[in-house]
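Peer 1:
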DNA sequence: TAGTGGTCTAGACCACGAC
DNA sequence: TCGTGGTCTAGACCACTAT
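Following this line, the structure appears as structure tokens:
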């Protein structure tokens, strides 16, 4: 099969304005398979040579596409075994999406207790962040998260009730919600954007976190996006940073 | 020149325990040229084919090394022109090392006014962070940084007096200190690690930043490292986040 | 027009893991 | 022993830049 017969339609000359390298087009078409659920989390995907034959490009081009997806934590490659679709297991989520670490000691996944859950009309911020229509409803829940047996984080999570249909009937909301999103609704979180501010604890925050009213708290506003780059989750975390800090690496 | 004669000594079989891929060894040897100053910021480096001939590996191996260095912001590649050593110019530093952005509006480089400068014995934290010897001295200076005509950041920067010899005699400390480090002492900042906490403004902070005593401030403790991964700068920033936030992308 | 980096291909050999 | 991904090579053509 030569390039003009390829499933991803190569031949850059024919599309002078919207040129994308072949490996990028291949990558897009493979990401599509993740979005559509053709490839499920944890699944072994076909080998490079099989994909090369199927799509009609060389192994090197497939490799560059797979390497790019691996760099984005969408795939996991294991020498001698094959390439697997990444899963939202504890350790990966902990490493990729949780930046609060104890001042001294190991990074650990906090436990959670859900304290409140409602279906409501979204606020303007929520509607904007989640790109919701005029009459949409959201499911909102709050939880207190404990790190090293110390209640340190008060979190409010806001989701589209339509997109997460049935979530209000769940008996239990597990600690690792990204795995829940994946297993129950087939929604994979691919990236997130966080905005941090320092705020004062109000009486509610103070009660929940066991600190003084007016104590400084780290507020983290996170918007999480799915593989198609649509906003999925809005999360406001209020954190005591007496014994924790938010870690950020700049390169 | 064949591989066994190569400057980076290939032949993985001969070093079973400390195996590194050839492209990684090439990368290390090229980073060395940056550390040693053989390649200066802004300089055009030899083409891929020249480097391939010189080192005795193929162009593809050179390419993989250069791509890795480009991903780390050490080099800038421009199609048709060549590969250049990255420079600490405003826009790059702004993008790479400055994560405080106005809540609404464009990201901009803050201006600075230096308010204090001393040579002193380091505190224990400073000595540990900068890996200093028992009798070392540090140069410490404070500055107030203004974003959108609004004094928002109080910063204390701490450097080894020995490493930055003569810095105490500088008439003026410019806004972009990473360019100063580079131009005056040949020190390139390659990466930085930040730890964020929420704290309360003390009377000093409040006066300097024009806020209430006890107001919540975002404290950013940054350790910046040179290309050889040695700690170079310790910086504590206290930020009002009334109109600013710290932006963090998780992927 | 010449030279650069960017893309793509094809094929070789290696290290690793499962059988 | 076999198949996988990992590395390395060699060479082709393209797009961009400067002259």
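Chains as they are written, first to last, in my numbering: chain A, 1027 to 1277; chain B, 1027 to 1277.
Beta carbons: idealized from backbone N, C-alpha and C, even for Gly.
Just so it is clear, the structure is predicted and the values come from calculations on it, not from any experiment.
#1: Determine the direct distance from the alpha carbon of residue 1110 of chain B to that of residue 1104 of chain B, and round the result to whole angstroms.
#2: Grab the span of the alpha helix (DSSP H) containing residue 1087 of chain B for me, first residue to last.
#3: Examine chain A for any beta-carbon lying closer than 8 Å to the beta-carbon of residue 1326 of chain B, and answer yes or no.
#4: Within this structure, are the beta carbons of residue 1152 of chain B and residue 1164 of chain B separated by less than 8 Å?
#5: Classify residue 1216 of chain A as buried or exposed, calling it buried when 16 or more other Cβ atoms lie within 10 Å of its own Cβ.
#6: Could you check where the alpha helix (DSSP H) with residue 1080 of chain B kicks off and where it finishes?
#7: Comparing C-alpha positions only, which one of A/1131, A/1158, A/1187 sits nearest to residue 1174 of chain A?
#8: Are there 16 or more other CB atoms within 10 angstroms of the CB of residue 1114 of chain A, so buried, or fewer, so exposed?
#9: Could you tell me if residue 1042 of chain A is buried or exposed, where buried requires 16 or more neighbouring beta carbons within 10 angstroms of its beta carbon?
#10: So, are the CB atoms of residue 1257 of chain B and residue 1155 of chain B less than 8 Å apart?
#11: Roughly how many angstroms lie between the CA atoms of residue 1235 of chain B and residue 1177 of chain B, to the nearest whole one?
#12: Report buried or exposed for residue 1224 of chain B, applying the criterion of at least 16 other Cβ atoms within 10 angstroms of its Cβ.
#13: Got a sec: which bits of the region 1097-1123 of chain B sit with their beta carbon under 8 Å from any beta carbon on chain A, in order along the chain?
#14: Would you mind reading off the limits of the alpha helix (DSSP H) that contains residue 1122 of chain B?
#15: Going by DSSP, what residue range makes up the beta strand (DSSP E) through residue 1053 of chain B?
#16: Name, please, each residue of chain B whose Cβ falls closer than 7 Å to the Cβ of residue 1133 of chain A.
#17: Taking 8 Å as the threshold (beta carbon to beta carbon), is residue 1181 of chain B in contact with chain A?
#18: Could you give the DSSP three-state label for residue 1130 of chain A: helix, strand or coil?
#19: Taking Cβ positions only, does residue 1229 of chain B come closer than 8 Å to chain A?
#20: Can at least three beta-carbon pairs, one atom from the region 1267-1274 of chain A and one from the region 1114-1127 of chain A, be found at a separation below 8 Å?
#21: Can you tell which of A/1179, A/1116, A/1183 has the C-alpha that lies nearest to the C-alpha of residue 1146 of chain A?
#22: Using a Cβ-Cβ cut-off of 8 Å, state whether residue 1240 of chain B counts as contacting chain A.
#23: Just list the residues that DSSP pairs residue 1108 of chain B with in beta bridges.
#24: Can you pull the chain A neighbours of residue 1222 of chain B, defined as C-beta to C-beta under 7 Å?
#25: Are any of the Cβ atoms in chain A nearer than 8 Å to that of residue 1225 of chain B?
#26: Taking the beta carbon of residue 1049 of chain A as the centre, do at least 16 other beta carbons fall within 10 Å, making it buried, or is it exposed?
#27: Quick one: residues in its chain with C-beta nearer than 7 Å to the C-beta of residue 1141 of chain B, no 5 flanking neighbours on either side, listed in chain order?
#28: For chain A, check one thing: does any of its Cβ atoms lie closer than 8 Å to the Cβ of residue 1249 of chain B?
#29: Identify, in the order they occur along the chain, each residue of the same chain with its Cβ nearer than 6 Å to the Cβ of residue 1138 of chain B, setting aside the five sequence neighbours on each side.
#30: As a quick exercise: from B/1259, B/1233, B/1222, B/1229, pick the residue whose alpha carbon is nearest that of residue 1246 of chain B.
#31: Alpha helix (DSSP H) containing residue 1208 of chain A: first to last residue?
Peer 2: Answer, in terms of the structure:
#1: 8 Å
#2: 1085-1097
#3: The displayed coordinates of chain B run from 1027 to 1277. Any statement about residue 1326 of chain B would go beyond what the structure contains.
#4: yes
#5: buried
#6: 1074-1081
#7: A/1131
#8: buried
#9: With a pLDDT of only 35 at residue 1042 of chain A, under the threshold of 50, the placement of this residue in the model should not be trusted; the figure read from the coordinates follows. Exposed, since its Cβ has fewer than 16 Cβ neighbours within 10 Å.
#10: yes
#11: 6 Å
#12: buried
#13: 1098, 1099, 1122, 1123
#14: 1116-1123
#15: Premise fails: residue 1053 of chain B lies in the alpha helix (DSSP H), 1048-1061, not in any beta strand (DSSP E).
#16: Within 7 Å Cβ-Cβ: nothing; residue 1133 of chain A doesn't reach chain B, min ~13 Å.
#17: no
#18: coil
#19: no
#20: yes
#21: A/1183
#22: yes
#23: B/1104
#24: 1222, 1244, 1271, 1272, 1274
#25: yes
#26: buried
#27: 1168, 1169, 1170
#28: no
#29: 1169, 1171, 1201
#30: B/1222
#31: 1203-1211
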